Amino acid sequence: MAVACASVFFDSCSTGEDTDEVSFYFPQYEAADFAGGDFPCLTGWNVVSVCGDERVHKTVPAQEKAVSFILERNAPCAVLAFPLILCAGKETEFFKPAGCIYPEQRSLSFLHGFSASVLDEFYSHAVLSSTSSEKAVSYARRFNWKKFISVIEQKNDLPSPELLYNAWLLEKSTVLEGIAAGSFSATYLGMKNVRAVSEAEIRTAIEKKSLILEKNFNVPSGADFALFSKYFPFNITGNEKSFTVKYGVQEEFLCVFSGIQTVRAFISVSKDGKITLALNSIPI
């Protein structure tokens, strides 16, 4: 693992062996806050903290406001919280996780689920490459996670007129390579080859039957439905929903047909603007 500190994303940090019990607060999840009916009910959270080669898992009921972990003081730690939802009578994970990076953050947010997943995978790759936990944590300390978080927030706060920012559309492998090589810069956090797709466009695709259906699944004419992105913030809007997708890549959605059933929806958009939508009734 390279240890060069070639950009503003790297700095020095003292090491400390003391531990703290740290509480992390869950983001708000209220069905009434989200556009579209039939929003899945939250039943709990699957939470994991990751630091070096140590992974601690906890399952927390929905009524709890926070979760606590014993963590090494000032050691970069990824905390990810996966919402557990009730879907077709079964408890399951569907949405991208909320997350944060300790010690920079103490509140879990869906915006920073990607940031936390990057640190999680950084540690996972270190373990797979037989890098010692101490060396991996020491290197992670040199990276400027505060700056990383800040750039994500800036891009989210200043979206283009048409495109909503979604860090999950970034090339995570490229981000990780930049961090490991000490060459990471803010340009790695810019979306490429993406476009916005409105819910109205998707409804038109269904009406025109420009979609692929399982043989055992039929959409009744005029059936109403609600569409939910795996990236939670896209579902929070007072206007018509718009989703940012990557050209040629299938994006998975939750499609709830009122009074019928909940299915997976896979949407892809070609460079010429053609929308392909496939519905799959395999249990979520």
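Going left to right, the sequence shown walks through residues 4 to 287 as the numbering used here numbers them. We put the beta carbon where it would ideally sit given N, CA and C, even for glycine. Every value quoted in this text rests on a predicted model; they were computed, and no experiment measured them.
Rounded to the nearest angstrom, the gap between the Cα atoms of residue 264 and residue 89 is 13 Å.
By the beta-carbon neighbour count (other beta carbons within 10 angstroms, threshold 16), residue 108 is buried.
Judged by beta-carbon spacing, residue 169 lies within the 8 Å limit of residue 234, meaning their Cβ atoms are closer than that value. Closest in C-alpha terms to residue 71, from the list 279, 49, 230 and 91, comes 49. Across the set 61, 276 and 55, the C-alpha of 55 shows the shortest separation from the C-alpha of residue 134. In the three-state scheme derived from DSSP, where H, G and I count as helix and E and B as strand, residue 138 is classed as helix. For residue 148, the uninterrupted alpha helix (DSSP H) run begins and ends at 148-160, by DSSP. Residue 69 places its beta carbon less than 8 Å from that of residue 27. The beta-bridge partner set that DSSP reports for residue 276 is empty. Residue pairing by DSSP puts residue 283 in a beta bridge opposite 267. One alpha carbon belongs to residue 23, the other to residue 73, and they sit about 6 Å apart.
Annotation for residue 130: the continuous alpha helix (DSSP H) segment containing it runs 116-131. In the structure shown, residue 99 falls within a coil segment according to DSSP collapsed to helix, strand and coil.
If you ignore the 5 residues before and after residue 60, its C-beta comes within less than 6 Å of the C-beta of 51, all in its own chain and listed in chain order. Taking C-beta atoms as the reference points, residue 155 and residue 122 fail to come closer than 8 Å. Residue 47 has 64 and 87 as its beta-bridge partners, per DSSP.
Around the CB of residue 94, fewer than 16 other CB atoms lie within 10 Å, so the residue is classed as exposed.
Counting along the chain, the unbroken alpha helix (DSSP H) around residue 183 starts and ends at 175-184. Taking the Cα positions, residue 198 is about 38 Å away from residue 78.
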